[in-house]
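Peer 1: Once you've had a glance at the structure underneath, I'll fire off some questions.
Number of protein chains: 2
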Amino acid sequence: MIEPKTLPGFMSLLPEDQILFDNMKQVIKNNFEKYGFLPLDTPLIESSEILLAKSGGETEKQIYQIKRGDNDLCIRFDLTVPLAKYVAENLNNLNFPFARYEIAKVYRGERAQHGRFREFYQCDVDVIGRDSLNILYDAQMPSIIYNIFKELDIGDFTIILSNRKILIGFLQELGLENISADILRLVDKIAKIGQENFALSLEKDYNIEKSKIEKIVEFITINGDSQSQFEKLEKFDIQNETYKLGVEELKTVVEYMKVFGVPEKNFEIRLSLVRGHDYYTGTVYETFLNGKENIGSVCGGGRYDNLAGYYTKEKLPGVGISIGLTRLFFQLKENGWLKKQNGAISKAIILPMGQDTLADSLALSNKLRENGINVTVYMEDKKFKNKLAYAVKSNIKYAIFVGEDEVASQKFTVKNLFDTTQSQQSVDDLIKILKEN
Amino acid sequence: MIEPKTLPGFMSLLPEDQILFDNMKQVIKNNFEKYGFLPLDTPLIESSEILLAKSGGETEKQIYQIKRGDNDLCIRFDLTVPLAKYVAENLNNLNFPFARYEIAKVYRGERAQHGRFREFYQCDVDVIGRDSLNILYDAQMPSIIYNIFKELDIGDFTIILSNRKILIGFLQELGLENISADILRLVDKIAKIGQENFALSLEKDYNIEKSKIEKIVEFITINGDSQSQFEKLEKFDIQNETYKLGVEELKTVVEYMKVFGVPEKNFEIRLSLVRGHDYYTGTVYETFLNGKENIGSVCGGGRYDNLAGYYTKEKLPGVGISIGLTRLFFQLKENGWLKKQNGAISKAIILPMGQDTLADSLALSNKLRENGINVTVYMEDKKFKNKLAYAVKSNIKYAIFVGEDEVASQKFTVKNLFDTTQSQQSVDDLIKILKEN
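Line by line, the protein sequences are chains F and Y.
As numbered in the numbering used here, residues 1 to 437 make up the first sequence, in order.
As numbered in the numbering used here, residues 1001 to 1437 make up the second sequence, in order.
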C-alpha cells in the first residue's frame, strides 16, 4: 500500500474550495475577455534552449528539467517566455497589437515552505505591438485590474503605479546614472528596510552627498492625489528628457485610466515603485488589498520595450499584468477572507423517495437540465435519511423530493437546505426558482 | 538568436483555432456540470512511487520523469491515477457517491508522429462509490456523452456499449475461462484483423473446436436494435451467473439510458466491445462519429470494480468516461470538419475615427462592457484603413465607428464585417444587437 499524499508546494483542494477557486478563475477570465483578449494555451514543456534563453542563475536553479533520450526539456516557470516564443514563432499570422491572455499553471522548484507554491496559476494579459505600442494600452491595464478585483469582491484595493523613466531620468539629472540600477534596487527595498536605512545606505555604500540624498527621499515620497503629485513634480523643474517623457506618459495613463472608469480612490501614484524585474521600461503596476498589504501585491506588471529579443529581430514592445491566483487564493483562505457562498455546482439535488420513482426523478432532471439548470440525482438505493444526509453534505441549496404523491400531482416538495424552509412547486415554478437562485 | 519552435507532439494553435478549441472544452465542461459533477484540479507532478504504482512496462516507458535532488518525480500520464490518489487521500472528506470531472493536460512521450500528441487534454468524468455503486450511474454516462456530442454539433454519432461480464460469462459457459483473457484481446482486435482471421486464430493458436468458434462468432456479431439483441441472447440459453448478471446490468443500463433521454438511434449494443483496459469489469462504452469511424473512438470508458487499490484498503467501485479532446480537435481540423463560426472573443471592435474621439470610444466601450458585452477598442494612432484592416483580420463580427458626428448625435455607425451591411444605431440599440448576436 502506497501512502496517497500530495507533494509539498502543490495545492490540492477539496471540491467546495475548488469551486471557489474556479469561480475566481472564471471572473478573471471573463474580465480578460471583456476587453477582447484572445486565449492562448501554450505547451507546458519546451526545449531548455528556448526556456532558458533569458533566465539568470536564480530562475535556472528553480526549473524542473526533464531528461528524455537526447532531448533536454524544461517545464515552464512563467507564461511570459512561452508568450515571447509564441509571438516570435507566429509573427506573420498574428494581428498587432496582439492582445492575449493565458491562465495556466507554471512551475518553480522553490524551497518548500508554508504558503510557497511549486505549482501555481498565473493569470496573464499582455498587449504586444509590432515596432511600437500606444501608451493608451498602459491605461487599459489598471481598468482590467479594477474590474477584476471589484468583481472578485474580496475587499477594497489600491492600484499603485509609476513610470520607471521618471526615477531613472531624475537620477540622471542628479548625475547618478552610473549607479542608477543600484539605487533602483535599493528603492525597491525601501518598504522593507525603512527610509532611514535607505538614506544611510546611499551615504555609506554609494558616497552620495547629503543634499542629493534628501532630494531623492523627498522625490520618492511625494504623495497626495495624482493632480497634486504632478504639481509637486513640476517644482523639481527637471529638464532631463527621459524624465520628461516618463512624466508625460504617466500623465496620459492617469488621464485615460479615469476615462476607462477607474475611480481616483482605487489608484495611487508611488514614485518609489520600480519592481524588481529589469525588463520593465516604463509604466509599472502593483495592486494591494487595503488593510491586507501584508499578503503582498496581488497583481503586478508593466511596460517593456522588447518581448522576444532572444527569438526574433523584430522589436516587440508590450504591456502586461499578472495575477498569482494560487497564492492569492491560499492567502484568502488562510486568513478566513473567502466567502463560502456558491460552493456547489448543482442548483438542486433530486432525491427519489423510493426506487419506484427513479424514472420520474430522471424525467424531472432532464427537464431541469434542458432549461440550463445543473442538477444532481441521487441514485443509490438507500434509506431516505441517508439520501438527505448526502444532500446536506453536498452544499447544494435545494433538495427536491420525488415520491408517488409528487409524481401523481406533478407538484414537487422543494426544501431549501440552507434555511430549511420547504414548499410544493410545479415543474414550471421549480424552473423559475432554480434559475433565479 | 534561438529559433522559436514548438516541440513535436505539442499542439500550439493560432488564436482563432484556440477559440474553437476552448468552445469545445466549454461545452464539455458545461455538460459535466449539468449533471452536478464537481471540479478537480489535481497536481501535474506526483512522486514516481504514486504515479507508477499500477503502470506496466508500456506506460512507464512513455512517462516524463523529473529528477530534482533526491526526489523522484513524474508528470501524470492520465487523470485516473491522480483521481485514485485524490480519493484515497481525501476519503473521509468526500461525499460518496463522489462525482468529479477533470479537464486537464496529460503527458506521454509517445513516438513522434503526425496526429500523435505528447501533451493532450483529457476530459474525464467519474462517479466513485464507497463499497458499492448503483448500476444506474452506468446509465447516466451515455446520457452525458449524448448531450455533449449533440451540443458539439460535429455530426451524427453512435454510442457503442456492452458489458464485459456477458462475454466473460459466455466464454466460461463454453469452458474457455482459462484462455478468456486471450480471447478478449483477440475480440478487441476483430475490427482490425477481420472476422476470418479472428476465427482462424482461435482455431490455430488456441485449438478451439469449430463448433465453439462458430458460436463465439455468432455471439459477438449479434446485431439489431437493443430489444431484438436481448431476444437473440435469450436463445443462447446460458446459465452462467456472470453472464446472467452482465445481461441484467446491460438491460438496466439500456432501459435507463432511454429514461435519461438517449434516443435508440444514438446507441448500439456491440458484444464484441471489450476495450483494451483490463480494469473494466462491467459496462463499457465507445463513441464513434457516423461516417468518420476511421478517426477512432471519440469517447470511451466503463465500469471498474476498484479505483484505488494501491493507495487504500477501501473498495471503491466506479464508472467513468473520457474524451481525448486534443486528438479529436486535431482530427476535426485536419479533415475540414471544424465549423469556423465564433472564432472571436469580442462581439464588436470600436474604431475611433481620430485620436480626438478616443475618450468617447472608451466611454462607449465602458457602457458595452457594463452590459456584459466583450469589446475591443483599437487604440493605435493609425490611418483609418489600417484600423479597418485590423478589424477585418480580427474575425470580429461588428465594427463600430466613432467619429465627431457619431459623438454629437450619439448614433454610431455599425458595420457587420461578415456581410458588409451597415447602419446607424443608438447605444441602447447597439447593446440589444450585440447581446442578440
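In this text, a Cβ means the ideal position worked out from N, Cα and C, and glycines have one as well.
#1: Straight-line CA distance for ILE323 of chain F to LYS29 of chain F?
#2: If we count the other Cβ atoms within 10 Å of its Cβ and call it buried at 16 or more, is GLU1046 of chain Y buried or exposed?
#3: Helix or strand or just coil, what does DSSP make of GLN122 of chain F?
#4: So GLN457 of chain F is in the beta strand (DSSP E); what residue range does that whole segment cover?
#5: Please confirm whether LEU1044 of chain Y has its beta-carbon closer than 9 Å to some beta-carbon of chain F.
#6: Taking Cβ to Cβ, would you say VAL377 of chain F is nearer than 9 Å to SER394 of chain F?
#7: State the start and end residues of the unbroken alpha helix (DSSP H) segment that holds ALA389 of chain F.
#8: Show which residues of chain Y have a CB atom less than 9 Å away from the CB atom of GLN122 of chain F.
#9: What whole-angstrom Cβ distance do GLU438 of chain F and LEU171 of chain F have, given they're in contact under 8 Å?
#10: Work out the CA separation of GLU1110 of chain Y and VAL1217 of chain Y for me, nearest whole Å.
#11: Run down chain F in chain order and give the residues with a C-beta less than 8 Å from the C-beta of TYR1285 of chain Y.
#12: Please name the residue, chosen from Y:LEU1307, Y:GLY1309, Y:ARG1068 and Y:LYS1251, that lies closest to THR1283 of chain Y on a Cα-to-Cα basis.
#13: Just to confirm my understanding: we take VAL27 of chain F, look at its own chain, exclude 5 residues before and 5 after, and list those with CB closer than 8 Å. What are they?
#14: Spatial neighbours of LEU73 of chain F within its chain, please: C-beta separation below 8 Å, excluding the five flanking residues on both sides.
#15: Using a C-beta to C-beta distance shorter than 7 Å, which residues of chain Y count as neighbours of SER228 of chain F?
#16: Starting from MET379 of chain F, find everything on chain Y with Cβ-Cβ shorter than 7 Å and list it in chain order.
#17: Any C-beta of chain F sitting closer than 9 Å to the C-beta of VAL1187 of chain Y?
#18: Following the continuous beta strand (DSSP E) through LYS67 of chain F, name the residue where it begins and the one where it ends.
#19: Could one say the Cβ of GLN239 of chain F lies closer than 9 Å to chain Y's Cβ atoms, at least one of them?
#20: I want to check one thing, is the minimum distance from the CB of ASN1290 of chain Y to the heavy atoms of the ligand FAD below 8 Å?
#21: Would you check if the distance between the CB atom of LEU417 of chain F and the CB atom of LYS387 of chain F is smaller than 9 Å?
#22: Since PRO1015 of chain Y is in the alpha helix (DSSP H), which residue starts that stretch and which ends it?
#23: How big is the Cα-Cα spacing for LYS1313 of chain Y and GLY1302 of chain Y?
#24: Once DSSP output is grouped into helix, strand and coil, what is the label at ASN95 of chain F?
#25: Between LYS1215 of chain Y and LEU1174 of chain Y, how many whole angstroms is the CB-CB distance? I'm expecting something under 8 Å.
#26: For a minimum of 4 consecutive residues, which ranges assigned as the alpha helix (DSSP H) are wholly contained in the segment 188-230 of chain F?
#27: Does PRO1039 of chain Y come out as helix, strand or coil in the three-state DSSP assignment?
#28: Which residues in chain Y have a C-beta closer than 8 Å to the C-beta of SER48 of chain F? List them in chain order.
#29: For the beta strand (DSSP E) containing LEU351 of chain F, name the first residue and the last one.
#30: Check whether the Cβ of TYR1068 of chain Y lies closer than 9 Å to any Cβ atom in chain F.
#31: Just to confirm my understanding: we take LEU40 of chain F, look at its own chain, exclude 5 residues before and 5 after, and list those with CB closer than 6 Å. What are they?
#32: Tell me, please, whether the segment 238-256 of chain F touches the segment 132-142 of chain F by the rule of three or more beta-carbon pairs shorter than 8 Å.
#33: Given this structure, state the Cα-to-Cα distance separating ILE1154 of chain Y from SER1012 of chain Y, to the nearest angstrom.
#34: In terms of alpha-carbon separation, which member of F:TYR35, F:ILE50 and F:LEU202 lies closest to ILE494 of chain F?
#35: Buried or exposed: which applies to PHE77 of chain F, given that a residue is buried once 16 or more other Cβ atoms fall within 10 Å of its Cβ?
#36: Are at least three pairs of beta-carbons, each pair with one atom in the segment 1200-1208 of chain Y and one in the segment 1113-1133 of chain Y, less than 8 Å apart?
Peer 2: Let's see:
#1: The alpha-carbon atoms of ILE323 of chain F and LYS29 of chain F are separated by roughly 11 Å.
#2: So GLU1046 of chain Y ends up on the buried side.
#3: Three-state result, GLN122 of chain F: strand.
#4: Here chain F comprises residues numbered 1 to 437, so residue 457 of chain F is not present and cannot be evaluated.
#5: Closer than 9 Å: yes.
#6: Contact: no.
#7: Per DSSP, ALA389 of chain F belongs to the alpha helix (DSSP H) from 384-393.
#8: Those do not exist, as GLN122 of chain F stays about 14 Å from chain Y at its closest Cβ, beyond 9 Å.
#9: A question about residue 438 of chain F goes unanswered here, because the residues of chain F that appear run from 1 up to 437.
#10: Rounded to whole angstroms, the gap between the alpha carbons of VAL1217 of chain Y and GLU1110 of chain Y is 34 Å.
#11: Under the 8 Å cutoff, chain F gives no residues; its nearest Cβ is about 18 Å from TYR1285 of chain Y.
#12: THR1283 of chain Y has its Cα closest to that of Y:LYS1251, out of Y:LEU1307, Y:GLY1309, Y:ARG1068 and Y:LYS1251.
#13: Around VAL27 of chain F: ILE148, GLU151 and LEU152.
#14: Excluding sequence neighbours, LEU73 of chain F sits near ILE45, GLU46, SER47, SER48, GLN65, ILE66 and LYS67.
#15: Neighbours of SER228 of chain F on chain Y: none; closest Cβ ~23 Å, over 7 Å.
#16: Those within 7 Å of MET379 of chain F in chain Y are ASN1134, LEU1136 and TYR1137.
#17: For VAL1187 of chain Y, the closest Cβ of chain F is not nearer than 9 Å.
#18: Under the DSSP assignment, LYS67 of chain F falls in the beta strand (DSSP E) whose first and last residues are 65-68.
#19: Interface annotation, GLN239 of chain F: not in contact with chain Y, CB-CB separation never under 9 Å.
#20: The ligand content of the structure shown is nil, which means the ligand FAD is not present either.
#21: Cβ atoms of LEU417 of chain F and LYS387 of chain F: not closer than 9 Å.
#22: Its alpha helix (DSSP H) spans residues 1015-1034.
#23: Whole-angstrom Cα-Cα distance: 22 Å.
#24: Secondary structure of ASN95 of chain F (DSSP, three-state): coil.
#25: So it is a contact: roughly 7 Å between Cβ atoms.
#26: Whole alpha helix (DSSP H) segments, 4+ residues: 190-193, 195-206 and 210-220.
#27: Judged by DSSP in its simplified three-state form, PRO1039 of chain Y adopts strand.
#28: Residues of chain Y whose Cβ lies closer than 8 Å to the Cβ of SER48 of chain F do not exist, since the nearest Cβ in that chain is about 11 Å away.
#29: Segment 348-352, the beta strand (DSSP E) holding LEU351 of chain F.
#30: Before going further, note that residue 1068 of chain Y is Arg rather than Tyr in the sequence given. Contact with chain F is found for ARG1068 of chain Y, since one of that chain's Cβ atoms lies less than 9 Å from the residue's Cβ.
#31: For LEU40 of chain F, where only same-chain residues beyond five positions count, the Cβ hits under 6 Å are ARG100 and GLU102.
#32: Between the segment 238-256 of chain F and the segment 132-142 of chain F there are three or more C-beta pairs closer than 8 Å, enough to call the two in contact.
#33: Straight across, the Cα-Cα distance linking ILE1154 of chain Y with SER1012 of chain Y is about 22 Å.
#34: Outside the displayed span of chain F (1 to 437) sits residue 494 of chain F, for which this structure offers no information.
#35: Buried.
#36: As far as the Cβ criterion goes, the segment 1200-1208 of chain Y does not touch the segment 1113-1133 of chain Y, which means the pair count is below three.
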